[in-house]
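Everything on this sheet refers to the single structure shown next.
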Amino acid sequence: MATVEWRTRNTIEQEPPSPKESGSLVSEEYVVKAMPGILGKFDMLAIYLLIIFYITNTNTAVLGGAAAFTFLALGGLTFFIPSVIATAQLGVMFPHEGSLYNWTHRAFGGYWSFFVAFCAWFPGVLVMITAGSVIVAFIQGLHGGTWLTAAWQQGVVIIMIILASGVIAVQRFRTVQNTINMTAILIFVAVFLIGLASVVWLLKGNPSQTDFSLVNWRINWDFNTGNISLFGLVTLAYLGMEAPLNMGGEIASSGLGEGRKRKIITGHLLWGTILVFIGYFIATFTLLVVEGITNGSASPFALVTAVNTTLGNVPGFFVTVCLLSFFLMSAVTYNTAYARLLLVAGIDQRLPVRIARLNKNRVPAAAIIFQTIVASVITAIMYFGVPYVTNLGKPENLSVQIYDIMLAAATLVWAFSTLFLFINLVKFYLRDPKTFKLQRIFPMPVLWISIVLGSASCITAFVGTLAFSWNSTLIPNANWWYIIGGLTVMCLIVAAIGSMVASSEAAWEGFNKGERT
């Protein structure tokens, strides 16, 4: 593995050219010339899986009992599939670095593109923290809950994981991508063993720990006792479908025509979506059958417990290794994919240009380092400061509480940015219907149905996530809405202030550069 390039004086000092007068972005051409185009279909598929398939989302989904399958199917049909269709259409039309940032710029210009990019970027930072909190929960599960009981201990471990993700992410991209590919294979080996656990459990004559009667599959709309809150969780489980296309400018293009590039874009979305559905349904079924609602939702480690109970400790240990590897490399994948949003913003002078500098491995090291620092600082605040000024209950439950809080806040901000997939499509169609129809890859009725369903689902998920706690036992509804709402508002305030400061500094850099020339 190559040495780490943390100091900017050792990095490649290529200055991006000045922005063009037209609506196109400098980053569209600069990335293709400056960064290696190495990503094939399986590479994109692996990134897709490590971004979206957070198998521990099933631990919260099982709180709905058999209705978990109803919500997984409903969320898939009304949100996930429409979002994938919109992503595929936009990705084929504009296969450039930055995905949603680039598409929104072309639709609405610089102001909205930067704001939407932040709303897509910041949840990625929060998910890096949740990956660490899951690893903490697994370590606790391996040692019967006797390790890492203090909040500061959990915080130290999570920061170490975040730092490790940064160190790995700045290495040679092909090496990192090969590791991501291997991890994607390992997680589905784990899914196979988890699914096998439920089959063995039933073949041994054990009863299902969950009642699958038809009445338990229905949606309960009651505000206090209902399960409608699961829709927000399911939405989160499907978010991030556009993230691999943050690296759209790095898709392998040598010797490939546009048709081949299109197949890479649509192929990874198709097969990734199928695998995500399969993985979530298998893991949810096993937790409900072997562990039941209470034990299955108690901790992410319940997935390992289910395998230990039915297949034995050796398969259980292997599943543990697979899952730990997944969450470490998921943090790396998020660090890698979302650094591209900072990269293109720096190239296009929406952020100071130094954030776009590459290291000797042609990797956006400055952006990765910045993300790593931001995630570490937020972790320090949440684990070193918050527990001593608020009462969040037992310290051993803190990692689970932080996991839920971070992911819920990410859902609110992320759902807003995802809404722009559909808004952008409408804008492009209304601007030039004839050209849009020439570029479309789906029938217009399919696109319009996707736009309506996807937009409505984003709004529903936003309201539901804010109103209902994902784990009312640990965080009651009365506390949930202001914790999540407050964190979301704080994110937006930081976005507003940060955008003004960053844009001003970037404009000053552009002014000084203009004076020198």
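Residue numbers (the working numbering): 3 to 519. Note that the Cβ used here is the ideal one computed from N, Cα and C, for glycine as well.
Less than 8 Å between the CB atoms is what I'm expecting for G251 and H98, so what's the real figure, rounded? The Cβ separation is near 6 Å, so the contact holds.
On a Cα-Cα basis, can you pick out the residue from T467, V454, L344 that is closest to S115? Comparing Cα-Cα distances from S115 to each of T467, V454, L344, the minimum goes to L344.
Going by beta-carbon coordinates alone, are G39 and A186 separated by less than 9 Å? Here G39 is not near A186, since their CB atoms are 9 Å or more apart.
With which residues is M249 paired in a DSSP beta bridge? As a beta-bridge residue in DSSP terms, M249 pairs with E99.
Does the distance from the C-beta atom of I453 to that of P84 stay below 9 Å? Yes.
With a threshold of 7 Å on Cβ separation, who are the neighbours of N527 within its own chain once the five nearest residues in sequence on each side are excluded? Nothing in the structure corresponds to residue 527, since the chain is present only between 3 and 519.
Could you check whether F303 and F190 sit closer than 9 Å to each other, using their CB atoms as the reference points? Between F190 and F303, the gap from beta carbon to beta carbon reaches 9 Å or more.
R352 lies in the alpha helix (DSSP H); which residues open and close that run? Careful: R352 lies outside any alpha helix (DSSP H) and carries neither H nor E.
In terms of residues, what are the limits of the alpha helix (DSSP H) holding D45? Its alpha helix (DSSP H) spans residues 43-54.
For the alpha helix (DSSP H) that F233 lies in, which residues bound it at each end? Residue range 232-239 is occupied by the alpha helix (DSSP H) that includes F233.
Name the DSSP beta bridge partners of L198, please? BP columns for L198 are empty, so no partner.
Of the residues I486, Q441, I485, N248, which one's Cα is nearest the Cα of G126? Per the C-alpha coordinates, the member of I486, Q441, I485, N248 positioned closest to G126 is N248.
Within the stretch 309-367, note down every full alpha helix (DSSP H) run reaching 4 residues or more, in order along the chain. Here the runs fully enclosed are 315-349.
What are the start and end residues of each continuous alpha helix (DSSP H) run of 4 or more residues lying completely inside the stretch 398-468, in chain order? Fully contained in the stretch 398-468 are the following alpha helix (DSSP H) runs of length 4 or more, in chain order: 400-433, 435-441.
If the criterion is Cβ atoms closer than 9 Å, does the pair V292 and S167 meet it? No, the pair does not count as a contact, with Cβ atoms beyond the cut-off.
For A133, which three-state DSSP category applies? For A133, the secondary structure class from DSSP, reduced to helix, strand or coil, is helix.
How would you label V379, buried or exposed, when you count the other beta carbons within 10 angstroms and need 16 or more for buried? V379 comes out exposed.
Apart from the five residues on each side of it in sequence, which residues of its chain come closer than 6 Å, Cβ to Cβ, to F438? Correct list, in chain order: F430, Y431.
Where does the unbroken alpha helix (DSSP H) through N61 begin, and where does it stop? Boundaries of the alpha helix (DSSP H) around N61: 59-63.
For H538, count the other beta carbons within 10 Å of its own beta carbon; 16 or more makes it buried, fewer makes it exposed. Which is it? As shown, the chain starts at 3 and ends at 519. That puts residue 538 outside it, with no answer to give.
Distance, G93 Cα to K35 Cα: Their Cα atoms are separated by approximately 19 Å.
State the Cα-Cα distance for the pair W223 and C460, rounded to the nearest angstrom. So the alpha carbons of these two residues sit roughly 18 Å apart.
Please work out which residues of its chain come closer than 7 Å, Cβ to Cβ, to V365, disregarding the five sequence neighbours upstream and downstream, and give them in chain order. Beyond the five residues adjoining it in sequence on each side, V365 comes within less than 7 Å, by CB distance, of V172, F175 in the same chain, given in chain order.
At which residues does the alpha helix (DSSP H) containing Q155 begin and terminate? It spans 153-171 - the alpha helix (DSSP H) in which Q155 sits, taken as one unbroken run.
Assuming V193 and T312 make a contact with CB atoms under 8 Å, what is their CB distance in whole Å? Contact between V193 and T312 fails: their C-beta atoms lie close to 15 Å from each other, not under 8 Å.
Tell me which residue opens and which closes the alpha helix (DSSP H) that A300 is part of. First-last of the alpha helix (DSSP H) with A300: 294-300.
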